[in-house]
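In the numbering used here, the protein residues as written are 4 to 693.
Built from N, CA and C at the ideal position, the CB exists for glycine as well.
One structure below.
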C-alpha cells in the first residue's frame, strides 16, 4: 500500500484531518511558516531585482528534518495549507525544502474541514500557484523595505525602537485625523420641541416639524419660545394618518470584516479574539456525538457567495424548523463588492444541522457565542424578509405641524433568528383624522451638535475595508500591531492616538507622504491583486514603489531634526505605598494607569480607579469604574468586598420613577437608553440623537 504525507500548518488542523483519512495517510503540521526573511538584516537584494534572502526560522530545524524524513518514506505529498496567499507561500517554501518538483500536483485546497471536503481535495491536487506566491512575496518585500528603511530614521530622530509599517501607518493616520477633527470641532446649538398628548391610557409623543411641507430648523431659545407662545391655547388636530407595509431584507452572510464588526458590537470581542476563536471553529472541535470536525468555513474571505448545496440545506432547515412561510419567494443571492478575489465562500457553518444549542456542551462559552452568531446570520440570510406595519401621523396646531411615527412587526421573517439592532417596535395609539388631541405638555430641549466619534475596532475595520486598505487576513493584525507599538491606546471602547502616534504620523505625512496616503495604499493593494491575477510583474510593482521611496529616505535623513517627546503626566494625591511619592497618571497599551514617578528606582504601578459622582445604591459609597481581567468595563462600589454592588451599565444617580430603584445608562443605536436595574420593574426610556 502506498504511503501519503499531508502537511498542514497547525496541530489542531492535523488532528481533525487525520480522522478523515485512512491509516495510509500521515498528517503533519509545519507550525506555520518554516522560512522567512532574516530579522537581523533587510534580507532583500535591491540591486538584484529585489530577490529575497529566505532563511530557516530559528527553532524549525528539527521539525524540517522530521518532514524530510516523512517525505522520503511517502509516495505522495500533499501540501494542505490555508487557501489564501499566505497559505500558498507556506506551501511553496515547503516544496522548496522538500525538493518537490515545481510541476508536481502537490497542492490541495479546501474551504471547510469536513470529511467530504478533504477527500474531494485529495482527489483534485494542483500545482502551486506561482502568481499567488509572488503576490504574497511582493507584499512581504514591500513591508520589509518600508520597515527596515524608514524605521532607522525614526530611531535617530524620534525614539529608539520605533517602527513604520506600510499598512499600519495608514491605520494610525485615520485615527489621528479623526482625533484632529474632534479637537477642532465647534459645537452648534439647535433645539427640539416635543408635544406630548394624553390618548386614553397612553402618551403620544410628537416632534415639531415646521409649517405644512416647510421644514423649520430650531436654532435658538428665542425662536422656540416664540413658537410655543403662538401654540399657546391652540387646538391640536390630527390632519393625516399614513399606514404602509415596510419590508426589511436580511443581511448577507458574514465576510471577515462584517464578522469582526458584529462580534465586536454584539459580543464585545476584539478583532484579534474573534479571529482566534474563528480559527478554532474552522480547524476542528471535538463534538461528543461525532468526533472532531470543522464547524465553519474558512474565516478569511471577502466574498458573500454561498454554495448551492449549503443554500439548499439552509432552506430545508428553515422549512422544517420555522415553517414554509419563512422561506423566501426565490433563493437569495448577494453581490460581493467590486475588486474582490471571490476565492472562498462567505463564512458559514459547515452543516446548518449542527444547531448551536445542540453542540453547546462541546464548546467553550466564547466558541458557542461566535458559532451561534455565524450560524444565525447565515440562516437569516436565506430567510424571508420581515414585514412591518408603519404609521405616520401629522398633527396641526395653527400653522405648525408635529409628526409622530411608529411601527409594529407584522411578520418576523429572518428576525426570528437574527436580531437587527436598529429595528424596534414603537406602537402608536389608534387615532382618526380630524380627532382633537389633549395636549399634556410641550417640552423644548436644547442640544448641541456632536463631534465625529472616535474609531472603535469595529468602525476602524469598516473604514479600512471601505478605503481598500488591507485585506481580510490583515485587519486584526493591523489593530494589534499599532496598539503594541504604542501608537494608539484603547480608551473605554474607542481607539485614541498617543502623542507618539501623532508625532510619527505628522513626520511621515511631511517626509513620506505616500506611505500614509489612503488612496496610494489602496492602489498598492490593487497592484498586489493584479500580481495574483498574473496581470502585473511583481518585480516591476516593487521597483515602482521603492525607487521614489529611496530618494525620500535620503532627503529625510538630512532634513529631519531630532524630535523630543515630553511625556505628559498628571500628578495625583494618591501616595505610593512603597516610597511615599505622589503617583502620576500615565498612558500604556491598555489605557491610563497609576505609576510611581520614582521609576526606575521604584517600579510601583497599579490600575487607575475612575470615580463617578454617583453614590452606591446599597451602601452610599462611591461608584467606581473597574475592568475585568479581559479588559471589559463594569461599575462597582468602592467599598468592595464589604459591598457587592456591581453593574455592567453606568449608574446615573437618578431613581426609577416607577419603583424608586436606580437607573443605569447604556448606549444603543441612535442614542442612549435609561433603564431600571430592577428587572421585575422593566422601566426603560430612550433618548435619541438629533
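Buried/exposed call for residue 491, threshold 16 Cβ in 10 Å:
One-based indexing of the chain shown puts residue 491 at position 488. It is buried - the Cβ of residue 491 has at least 16 other Cβ atoms within 10 Å.
Quick one: Cα of residue 352 to Cα of residue 19, how far?
Position 349 of the chain shown, counted from the first residue, corresponds to residue 352. Position 16 of the chain shown, counted from the first residue, corresponds to residue 19. The alpha-carbon atoms of residue 352 and residue 19 are separated by roughly 16 Å.
So residue 566 packs on residue 122, CB below 8 Å; how close in whole Å?
Start at 1 with the first residue of the chain shown, and residue 566 comes out as number 563. Start at 1 with the first residue of the chain shown, and residue 122 comes out as number 119. Not really, about 60 Å apart at Cβ, beyond 8 Å.
May I have the straight-line CA-CA distance separating residue 418 from residue 383, to the nearest angstrom?
Within the chain shown, numbered from 1, the residue matching residue 418 stands at position 415. Within the chain shown, numbered from 1, the residue matching residue 383 stands at position 380. Taking the straight line from one Cα to the other gives about 7 Å.
Taking 8 Å as the threshold (C-beta atoms), are residue 690 and residue 675 in contact?
Walking along the chain shown from the start, residue 675 turns up at place 672. Walking along the chain shown from the start, residue 690 turns up at place 687. Contact flag set, yes.
Using three-state DSSP, classify residue 272 as helix, strand or coil.
Translated into positions along the chain shown, residue 272 becomes position 269. Coil.
Excluding five sequence neighbours on each side, which residues of the same chain lie with their C-beta closer than 7 Å to the C-beta of residue 635?
Here residue 635 corresponds to residue number 632 of the chain shown, with the count starting at 1. These residues qualify, in order along the chain: 271.
Taking the alpha carbon of residue 291 as the reference point, which residue from 284, 218, 252, 366 has its own alpha carbon closest?
To locate residue 291, count along the chain shown from 1; it is residue 288. Of the listed residues, the one whose Cα sits closest to residue 291 is 366.
Between the Cα of residue 493 and those of 242, 273, 257, spot the shortest distance and give me the residue it belongs to.
By 1-based counting over the chain shown, the position of residue 493 is 490. Closest option to residue 493, Cα to Cα, is 273.
For residue 58: DSSP bridge partner residues
Counting from 1 along the chain shown, the entry for residue 58 is found at position 55. Residue 58 pairs with 39.
Do residue 211 and residue 440 have their C-beta atoms closer together than 8 Å?
Within the chain shown, the letter at position 208 stands for residue 211. Within the chain shown, the letter at position 437 stands for residue 440. Contact flag unset, no.
Residue 366: first and last residue of the uninterrupted beta strand (DSSP E) it sits in:
Along the chain shown, one-based indexing puts residue 366 at 363. Taken as a continuous stretch (DSSP letters only), residue 366 belongs to no beta strand (DSSP E), as it is neither H nor E.
Please confirm whether residue 10 and residue 26 have their CB atoms less than 8 Å apart.
Counting from 1 along the chain shown, the entry for residue 10 is found at position 7. Counting from 1 along the chain shown, the entry for residue 26 is found at position 23. In this structure, residue 26 does not lie closer than 8 Å to residue 10 by Cβ.
Throw me the rounded Cβ distance for the residue 135 and residue 88 pair, which I believe falls under 8 Å.
Counting from one through the chain shown, the residue named residue 135 turns up at place 132. Counting from one through the chain shown, the residue named residue 88 turns up at place 85. Yes, residue 135 and residue 88 are in contact; Cβ-Cβ is about 5 Å, under 8 Å.
What's the C-alpha gap between residue 659 and residue 181?
Here residue 659 refers to the residue found at position 656 of the chain shown. Here residue 181 refers to the residue found at position 178 of the chain shown. The alpha-carbon atoms of residue 659 and residue 181 are separated by roughly 37 Å.
Is it true that the CB of residue 479 sits closer than 8 Å to the CB of residue 177?
Reading the chain shown from its first residue, position 174 is the one you call residue 177. Reading the chain shown from its first residue, position 476 is the one you call residue 479. Cβ atoms of residue 177 and residue 479: not closer than 8 Å.
Residue 21 versus residue 118: straight-line alpha-carbon distance, rounded
The sequence position of residue 21 within the chain shown is 18, counting from 1. The sequence position of residue 118 within the chain shown is 115, counting from 1. Taking the straight line from one Cα to the other gives about 10 Å.
C-alpha gap between residue 534 and residue 137, whole angstroms:
The residue given as residue 534 occupies position 531 in the chain shown. The residue given as residue 137 occupies position 134 in the chain shown. If you take the alpha carbons of residue 534 and residue 137, they lie about 7 Å apart.
Distance, residue 670 Cα to residue 627 Cα
Here residue 627 refers to the residue found at position 624 when the chain shown is read from its first residue. Here residue 670 refers to the residue found at position 667 when the chain shown is read from its first residue. Roughly 19 Å between the two C-alpha positions.
Any alpha helix (DSSP H) of 4 or more consecutive residues that is wholly inside the segment 114–160:
118–126, 133–160
Residue 455 and residue 185 - do their beta-carbons sit closer together than 8 Å?
If you number the chain shown from 1, residue 185 lands on position 182. If you number the chain shown from 1, residue 455 lands on position 452. Yes.
Are the segment 317–329 and the segment 222–234 in contact at 8 Å, needing three or more beta carbon pairs?
Result no; under three Cβ-Cβ pairs closer than 8 Å.
If you draw a straight line from the C-alpha of residue 693 to the C-alpha of residue 444, how long is it?
Here residue 693 corresponds to residue number 690 of the chain shown, with the count starting at 1. Here residue 444 corresponds to residue number 441 of the chain shown, with the count starting at 1. Here the model assigns residue 693 a pLDDT of 46, short of 50, so the residue's position is not dependable, and the following value carries that caveat. C-alpha separation (whole angstroms): 20 Å.
Buried or exposed for residue 196, please, with buried defined as at least 16 other CB atoms from any protein chain shown within 10 angstroms of its CB.
Numbered from its first residue, the chain shown carries residue 196 at position 193. Label assigned to residue 196: buried.
Around the Cβ of residue 694, are there at least 16 other Cβ atoms within 10 angstroms (buried) or fewer (exposed)?
For the chain, the structure presents residues 4 to 693; residue 694 sits outside this window and is missing.
Return the CA-CA distance between residue 99 and residue 611, expressed in angstroms with no decimal places.
Numbered from 1 along the chain shown, position 96 holds the residue referred to as residue 99. Numbered from 1 along the chain shown, position 608 holds the residue referred to as residue 611. One C-alpha to the other measures close to 53 Å.
Measuring alpha carbon to alpha carbon, tell me which of 429, 294, 224, 586 ends up nearest residue 688.
The sequence position of residue 688 within the chain shown is 685, counting from 1. When each option's Cα is compared against that of residue 688, the closest is 429.
Under the DSSP definition of a beta bridge, which residues are partnered with residue 608?
In the chain shown, the residue the question calls residue 608 occupies position 605. For residue 608, DSSP records a beta bridge to 598.
Beta-bridge pairing of residue 243 - partner residues as DSSP gives them:
Taking the first residue of the chain shown as position 1, residue 243 is located at position 240. For residue 243, the pairing in a beta bridge is given by DSSP as 397.
Would residue 144 and residue 167 qualify as a contact pair, given that the criterion is a beta-carbon distance under 8 Å?
Walking along the chain shown from the start, residue 144 turns up at place 141. Walking along the chain shown from the start, residue 167 turns up at place 164. No, these two residues do not count as a Cβ contact at 8 Å.
Assuming residue 114 contacts residue 293 (C-beta within less than 8 Å), just tell me the rounded distance between them.
Here residue 114 is taken as the residue at index 111 of the chain shown, counted from 1. Here residue 293 is taken as the residue at index 290 of the chain shown, counted from 1. That pair is no contact at about 20 Å.
Are the beta-carbon atoms of residue 140 and residue 541 separated by less than 8 Å?
The count along the chain shown starts at 1 and reaches residue 140 at position 137. The count along the chain shown starts at 1 and reaches residue 541 at position 538. It is a contact, given that the beta carbons lie within the stated cut-off.
Helix, strand or coil at residue 385 [DSSP, three-state]:
By 1-based counting over the chain shown, the position of residue 385 is 382. Coil.
Ignore the nearest five residues each way along the sequence and tell me which others in residue 60's own chain have a CB closer than 8 Å to its CB.
Your numbering for residue 60 matches position 57 in the chain shown. Contacts found: 36, 37, 38, 39.
Proximity winner among 175, 503, 102, 204, relative to residue 73 (alpha-carbon distances):
For the purposes of this step, residue 73 is identified with residue 70 of the chain shown, where counting begins at 1. Here the closest residue by C-alpha is 102.
Which word fits residue 95, buried or exposed, when buried means at least 16 other C-beta atoms lie within 10 angstroms of its C-beta?
Residue numbering aside, residue 95 sits at position 92 when the chain shown is read from its first letter. Counting every other CB atom within 10 Å of its CB across the protein chains shown gives residue 95 a total of 16 or more, marking it as buried.
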